[in-house]
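Below is one structure; the comments refer to it alone.
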Amino acid sequence: MVKGRQGERVRLYTRGTILGYKRSKSNQYPNTSLIQIEGVNTKEEVGWYQGKRMAYIYKAKVKRNGSHYRCIWGKVTRPHGNTGIVRAKFKSNLPPKSMVKIHPDMDLLAAFCVFSGVKSV
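First residue of the sequence shown? That's 2 in our numbering, and the numbers climb one at a time after it.
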């Protein structure tokens, strides 16, 4: 077994920004979400993430199972275009509140997805 560095944690996830739903000019398809993964800029780099599971983690007012945090699980299905954006399907559709919001006073307010290093079965 390879011995890791002492005292440093190994991060087993990466963040992604939820851009919106897959759509055409007049229709949108909320069962498929578009996500930009941090550090992924080409279609070829998306290949490593295909089939990987992800979690949309959010905070709720009411505690459930002893925690205010909840998550919606999903999976990366395929690339979307050539710039590293991925299509993902979640167990239940992501709420519209999770999408990126552009605010006039700030550069960008973003909602994030967390990608686990676990390949789905």
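Idealized CB from N, CA, C, for every residue including glycine.
Starting from residue i, follow the beta strand (DSSP E) in both directions and report where the run begins and ends.
i, result
"Val-87", "86-91"
"Lys-62", "53-65"
"Pro-31", "29-38"
Put residue i into one of helix, strand or coil per three-state DSSP.
i, result
"Val-47", "helix"
"Lys-23", "strand"
"Pro-97", "helix"
"Arg-10", "coil"
Just list the residues that DSSP pairs residue i with in beta bridges.
i, result
"Ser-68", "Arg-65"
"Val-77", "Ala-89"
Who are the Cβ neighbours of residue i in its own chain at under 7 Å, not counting the five residues just before and after it?
i, result
"Ala-124", "Residue 124 cannot be examined here, being either before or after the span of the chain that is shown, 2 to 122."
"Ser-93", "Ile-73"
"Tyr-30", "Tyr-22, Lys-23, Arg-24"
"Thr-78", "Arg-88, Ala-89, Lys-90"
Near residue i, what residues of its chain come up, given a Cβ to Cβ distance below 8 Å and the 5 sequence neighbours on each side ignored?
i, result
"Arg-65", "Arg-71"
"His-81", "Lys-23, Leu-35, Val-87, Arg-88"
Three-pair Cβ contact test at 8 Å for the segment 36-48 versus the segment 82-92: yes
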